[in-house]
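Novice: I'd like to ask some things about the structure below.
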Amino acid sequence: MPPREEEPVATETITVPGRAEEANESRPEKTVEGAMEVEKEEADEGEKGGNGQQEEPWQSAPDVSSSEPQEVPEDLKLDKGEESEDSEYSSCSDYGSNGKPGTTLQRLAPERNTFFPGTFQTNNLLFYERFKTYQDYMLADCKASEVKEFTATYLEKVLEPSGWQALWRTNVFEVLVEVVDVEYSALKALVRLCEPFLCEARGADAFTLECMQELLELKAHRLPLQELWVVFDESGEFDQTALAVEHVRFFYKHIWRSWDEEDDDDFDYFLRCVEPRLRLYYDIVEDRVPSALVADYHSLLSQCEELYRMFLDLRNGIENSDSDTEVENVSMVEGMKLYNRIEHLKQKLKLIENPLLRYVFGYQKHARLQAKGVRPSGTTITHIVSTTVMSSLLQCLLRDKLSPESCNEEMEMQFHNNLLSAMTACYAGDRIIVCPGHYIVDGTLYIADAIELEGYGLPDDIVIEKQGKGDAFVECTAADVKISSLKFVQHDAVEGILSVHQGKTTLENCVLQCETTGVAVRASAELLMKNSDLYGAKGAGVEIYPSSRCTLMGNGIHHCKEGILIKDFLDEHYDVPKITMVNNVIHNNEGYGVVLVKPTVSSDAKESTPESSGEQMKGTQPDPDVANMGCEDLHQQDSGELEPHGRADASEAMEGNSEIAHELSAASLKKSQLHKKRLSHLGIMEADDDLMSQEMFVSIMGNQFKRNGKGSFGTFLY
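In this text, residue positions in the sequence shown follow numbering that gives the first Met the number 0: the first is 0, and each later residue adds one.
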C-alpha cells in the first residue's frame, strides 16, 4: 500500500509485566490446568485447524532488547478511550510516511514503564486500505468455502516465516514469543518463549516460566495468528507481516461468520458478505448508524451464533447416531425449527448490513416517554417562544394569535427563550407559538403529548437548528401532533430529521433541511404532510413503513438519495401501508423518485401470481388498466419552477403515477393471494378479492417527476 504522511497516534496501555524471578517471589503460581480451562472458554475468532508435527525440544531464543519505550509527546497523545488495540471499534486514522526511513508504520509504545517492547500500530487502518487488501490480494473472487485456502495463499506471499517477535495476547495474560515458522494452511504460527521471559497476567495470579512452557507444549507450540501482535521493528522488514496478521485478525473478528461456509457458494463471497459487513463496521465507527440499530445488530448476531451452535450440536448428534428411533425423529424436527429461526435471523442481519436497506429495517425504537396527559388543573396554556419580547411583537401576537375573539375565552400564557423548555412545560392540548428567530436545540425534541407547534411568520424566518451529534431530531409518539410554519435544520446526524413512531402527525408549510434520511413514518403511525419542502437527505426523503398511513399533498421533495421509499412487508404478518400522493413535485434526486422495497417472490407467490422477480433493482412498466383504476382524474401541473423553458411533458407525469399505481396494486394483490392460500390450507374460504387488491392503493395522482437520476419509479427486491 502506498505510504502516507504521518498522523498523531494514540498510545495503548499495556499491563505492566515483571521479570519472571520477581514475579515468582511475589505472586502465587497458576496451574497449567487452570490456564487450559481459561483457554477452552475463549472462542477463537479464526480457524482452529493444523496438523503439523511436533518439533524437537526448543532451543533458547536470543535476548530481547529491554530498552525503555519511547515516550509519545503530550500533544500527540489522545484519550485512552479514543484508541485501544483491543477496543471493538478502533479509530480510523491514516498511517505511514514517505520521508521516514525503514518502516512506514508507526510504533505503539506501552504507556507505563514496562519491559515489553512496542508493537506495530495497525489497528487504525482506513476503510479503503482493508477493502483493497481483501478484494485484490486476500480474497479476490473466492467462494465462502475457499476463504481459508485463499487466505493461506495470501499469507505465503507476504508473511515472513520466521525471525519476528510478537506479543501473544489472551484474555488472561500477555507473553513475549518468537515465531520460528508459520503453518499457512492452518493460519497458525510455531513459537517459542523469548529470553528473558516476559509475561503479564491480567488477574491476580502470575504465570511462571515453567507453567507457560507446559501450556505451549500442550498446544504443540502452535498459536493462532490472530492472537499475535507483531513487535515493532524499525528496519521495515516486518511491516507487511504486521499488516497481514492484522488483516487476518480483523477478518475473523468482524467479518467472518461461522455459518458462512455452509451458505450458497454460487456468488462472490467478497461482494455478498465482506464488502457490506466492512462498510457497516466503518459506518458504526464513524457514528453513521443509530445506536439502537447497532444494539439490535449485535443482539441479532449473538442470537444467531448461539442458535447455530445449538444446531451444529444437534446435527452432529443425529449424524453420529445409527438408530432410527422416535427420539432421533424428534431431534430432526427440532433441527428444522432451529434452521428456520437461524435463516430468519440471517435475513435480518443482511438487511442491516445492506447500506440501502439499513434505514429501511423496521426496528422499533423511540424515547418511550410517558405522556403527561391533561394538566391537573384542566387548563391549557399557550407557550410563547422568543429570544426577546418587544412591545411591537407582543402587539402583533395579541392581534393575530392571542386575541380573545379567536379563542372565545380567557387565555393563559407562558414565555420561554428556548424551544426545549417550552416542550418540557407542555401538557396535552397546549400550544407552542415560536416567534421569528434562530433557535439552537442541543438534544432531541420528544413530543409525547397532543400539542400544536407553530411558527409565527414565514418558515425561513423561524429556524430551529440541531446542535451536536445525536440519533434523532424530532420524535413524535403522541396521538395527534400538529407542526406548521417552521424550518428545521439538521447537521452531523445519524437518524432522520423527523420520526413518527405512533399516533398522527400533521406537518404543514414547513421546510426540512436534512442530513441523513428525512421523514420516517414508522409501523402503525400516520403522517399528513402538506405544502412542505424537504431536501438534502443522504437517504430517502420520506420513508414509509408497513402498517403506516401516509398522505403527501403538494410537497417538494428534492436533492435526496431517493425521493420516497415505500417499504413493503418485512414479515408476512405486517399490513401494507396506506398511501396517498397528490400533486407532489419530486425532482433532482440521485436515484429514483419513488422506490418500493419488497421481498423476492416466494414459491407460494409464484404459484399464485405470474409476477417475476426480475432484476434486483428495476423500473416497472405501467399497466394501463391498473393505472386507470385510481388515476382517472390524473392531471399535469404547471412546472415553471422546475422547467424554466416551458411546461413539463404530461406523458412523463402520467407514466410516473401509473408506474406507482400499478406496482402498489400488484404488491397488494400478491399479499392477498398468499393470505388466501394460507387460509385455504386451514379450510377457510375468503371472498372480496377486489377490496384486497386495493389494500395499499388509496390515491396517486398529479405528481411530477423531473430529473431523477434513475427515473420516476423503481422496485428493489431483497
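Just so you know, even glycine gets a beta-carbon here, dropped at the ideal spot from N, CA and C. Keep in mind that this is a model prediction, so the values were computed, not measured.
Residue 130 lies in the alpha helix (DSSP H); which residues open and close that run?
Specialist: Counting from one through the sequence shown, the residue named residue 130 turns up at place 131. Unbroken alpha helix (DSSP H) run through residue 130: 126 to 131.
Novice: With distances taken Cα to Cα, identify the nearest neighbour of residue 505 among 453, 397, 101, 495.
Specialist: Working through the sequence shown from its first residue, we reach residue 505 at position 506. Nearest of 453, 397, 101, 495 to residue 505, Cα basis: 453.
Novice: Is residue 545 near residue 519, with beta carbons less than 8 Å apart?
Specialist: Taking the first residue of the sequence shown as 1, we reach residue 545 at position 546. Taking the first residue of the sequence shown as 1, we reach residue 519 at position 520. Cβ atoms of residue 545 and residue 519: not closer than 8 Å.
Novice: In three-state DSSP terms, what is residue 276?
Specialist: Taking the first residue of the sequence shown as position 1, residue 276 is located at position 277. Residue 276 falls in the helix class under three-state DSSP.
Novice: Classify residue 317 as buried or exposed, calling it buried when 16 or more other Cβ atoms lie within 10 Å of its own Cβ.
Specialist: Here residue 317 corresponds to residue number 318 of the sequence shown, with the count starting at 1. Residue 317 should be labelled exposed.
Novice: Identify the residues that DSSP records as bridge partners of residue 550: which are they?
Specialist: Position 551 of the sequence shown, counting from 1, holds the residue named residue 550. The partner list for residue 550 (beta bridge, DSSP) reads 527, 579.
Novice: Take residue 471 as the anchor and find which of 413, 490, 458 has the nearest alpha-carbon.
Specialist: Position 472 of the sequence shown, counted from the first residue, corresponds to residue 471. Nearest option by C-alpha distance: 490.
Novice: Does the Cβ-Cβ distance between residue 436 and residue 385 come in under 8 Å?
Specialist: Numbered from 1 along the sequence shown, position 437 holds the residue referred to as residue 436. Numbered from 1 along the sequence shown, position 386 holds the residue referred to as residue 385. Yes, the Cβ-Cβ distance between residue 436 and residue 385 is below 8 Å.
Novice: On the premise that residue 542 lies in contact with residue 516, defined as a C-beta separation below 8 Å, what is that separation, rounded to the nearest angstrom?
Specialist: Taking the first residue of the sequence shown as position 1, residue 516 is located at position 517. Taking the first residue of the sequence shown as position 1, residue 542 is located at position 543. About 6 Å; that satisfies the 8 Å criterion.
Novice: What is the rounded straight-line gap between the Cα of residue 706 and the Cα of residue 582?
Specialist: The residue you call residue 706 lines up with position 707 of the sequence shown. The residue you call residue 582 lines up with position 583 of the sequence shown. Roughly 17 Å between the two C-alpha positions.
Novice: Give a yes or no on whether the C-beta atoms belonging to residue 562 and residue 592 are separated by under 8 Å.
Specialist: The sequence position of residue 562 within the sequence shown is 563, counting from 1. The sequence position of residue 592 within the sequence shown is 593, counting from 1. Contact: yes.
Novice: How is the alpha helix (DSSP H) around residue 421 delimited, first residue to last?
Specialist: Taking the first residue of the sequence shown as 1, we reach residue 421 at position 422. Taken as a continuous stretch (DSSP letters only), the alpha helix (DSSP H) holding residue 421 covers 418 to 423.
Novice: Within the continuous alpha helix (DSSP H) that includes residue 301, where are the two ends?
Specialist: The residue given as residue 301 occupies position 302 in the sequence shown. Element bounds for residue 301: 290 to 318.
Novice: So, is residue 699 buried or exposed, given that buried needs 16 or more other C-beta atoms within 10 angstroms?
Specialist: To locate residue 699, count along the sequence shown from 1; it is residue 700. Buried, since its Cβ has 16 or more Cβ neighbours within 10 Å.
Novice: Starting from residue 155, follow the alpha helix (DSSP H) in both directions and report where the run begins and ends.
Specialist: Looking up residue 155 in the sequence shown gives position 156. Its alpha helix (DSSP H) spans residues 146 to 157.
Novice: Is the stretch 127 to 136 touching the stretch 161 to 170, taking contact as three or more C-beta pairs under 8 Å?
Specialist: The stretch 127 to 136 is not in contact with the stretch 161 to 170.
Novice: Reducing DSSP to helix, strand and coil, say where residue 267 ends up.
Specialist: Locating residue 267 in the sequence shown gives position 268, counting from the first residue. Three-state result, residue 267: coil.
Novice: Taking 7 Å as the limit between beta carbons, can you name the residues of its chain near residue 313, skipping five residues before and five after?
Specialist: Here residue 313 refers to the residue found at position 314 of the sequence shown. Once the five neighbours on either side are set aside, the close Cβ partners of residue 313 are 330, 333, 334, 337.
Novice: In whole angstroms, give me the CA-to-CA distance for residue 594 and residue 585.
Specialist: Your numbering for residue 594 matches position 595 in the sequence shown. Your numbering for residue 585 matches position 586 in the sequence shown. Residue 594 and residue 585: Cα-Cα distance of roughly 12 Å.
Novice: For residue 271 and residue 353, I'd like the C-alpha separation in whole angstroms.
Specialist: As a working note, residue 271 is residue 272 in the sequence shown. As a working note, residue 353 is residue 354 in the sequence shown. Rounded to whole angstroms, residue 271 to residue 353 spans 10 Å at the Cα level.
Novice: If you draw a straight line from the alpha carbon of residue 142 to that of residue 267, how long is it in whole angstroms?
Specialist: As a working mapping, residue 142 is identified with position 143 in the sequence shown. As a working mapping, residue 267 is identified with position 268 in the sequence shown. Cα-Cα distance, rounded: 6 Å.
Novice: Pull the bridge partners of residue 180 from the DSSP assignment, please.
Specialist: As a first step, residue 180 must be located in the sequence shown, where it is residue number 181. Beta-bridge pairing links residue 180 to 189.
Novice: Can the beta-carbon of residue 481 be found less than 8 Å from the beta-carbon of residue 509?
Specialist: Here residue 481 corresponds to residue number 482 of the sequence shown, with the count starting at 1. Here residue 509 corresponds to residue number 510 of the sequence shown, with the count starting at 1. No, Cβ-Cβ distance for residue 481 and residue 509 is not below 8 Å.
Novice: Less than 8 Å between the beta carbons of residue 224 and residue 244, yes or no?
Specialist: Locating residue 224 in the sequence shown gives position 225, counting from the first residue. Locating residue 244 in the sequence shown gives position 245, counting from the first residue. Taking 8 Å as the Cβ cut-off, residue 224 and residue 244 qualify as a contacting pair.
Novice: Determine the burial state of residue 703: buried for a count of at least 16 other Cβ atoms within 10 Å of its Cβ, exposed for fewer.
Specialist: Counted from its first residue, the sequence shown places residue 703 at position 704. So residue 703 counts as buried.
Novice: Residues in the same chain with beta-carbon distance under 6 Å from residue 479, minus the five sequence neighbours each way, listed in chain order, please.
Specialist: One-based indexing of the sequence shown puts residue 479 at position 480. If we look at residue 479 and ignore the five residues flanking it on each side, its Cβ neighbours are 449, 503.
Novice: For the 8 Å Cβ check, are there 3 or more pairs between the stretch 382 to 399 and the stretch 413 to 421?
Specialist: Short answer: they touch.
Novice: Starting from the Cα of residue 420, find the closest Cα among 467, 445, 396, 253 and give me that residue.
Specialist: The sequence position of residue 420 within the sequence shown is 421, counting from 1. Comparing Cα positions, the closest option is 445.
Novice: Alpha carbon to alpha carbon, how far is residue 185 from residue 759? Give it in angstroms, no decimals.
Specialist: Residue 759 is absent from the model: the chain starts at 0 and stops at 717.
Novice: Check for me: the beta strand (DSSP E) holding residue 411 runs from which residue to which?
Specialist: The residue labelled residue 411 in the question sits at position 412 within the sequence shown. Start and end: 411 to 415.
Novice: Let me know the secondary structure DSSP gives residue 540 once reduced to three states.
Specialist: Reading the sequence shown from its first residue, position 541 is the one you call residue 540. Note: residue 540 maps to strand in three-state DSSP.
Novice: Between which two residues does the beta strand (DSSP E) holding residue 379 run?
Specialist: Within the sequence shown, numbered from 1, the residue matching residue 379 stands at position 380. From DSSP, residue 379 is part of no beta strand (DSSP E); its letter is neither H nor E.
Novice: For residue 395, does the three-state DSSP call read helix, strand or coil?
Specialist: Within the sequence shown, residue 395 is the residue found at index 396, counting from 1. DSSP places residue 395 in helix when its eight states are reduced to three.
Novice: My assumption, with CB atoms under 8 Å, is that residue 564 sits in contact with residue 539. Please give the rounded CB distance.
Specialist: Position 565 of the sequence shown, counting from 1, holds the residue named residue 564. Position 540 of the sequence shown, counting from 1, holds the residue named residue 539. Sure, about 4 Å apart at Cβ, within 8 Å.
Novice: Quick check on DSSP: helix, strand or coil for residue 331?
Specialist: Taking the first residue of the sequence shown as position 1, residue 331 is located at position 332. Correct three-state label for residue 331: helix.
Novice: How long is the line joining the alpha carbons of residue 187 and residue 240, rounded to whole angstroms?
Specialist: Counting from 1 along the sequence shown, the entry for residue 187 is found at position 188. Counting from 1 along the sequence shown, the entry for residue 240 is found at position 241. One C-alpha to the other measures close to 13 Å.
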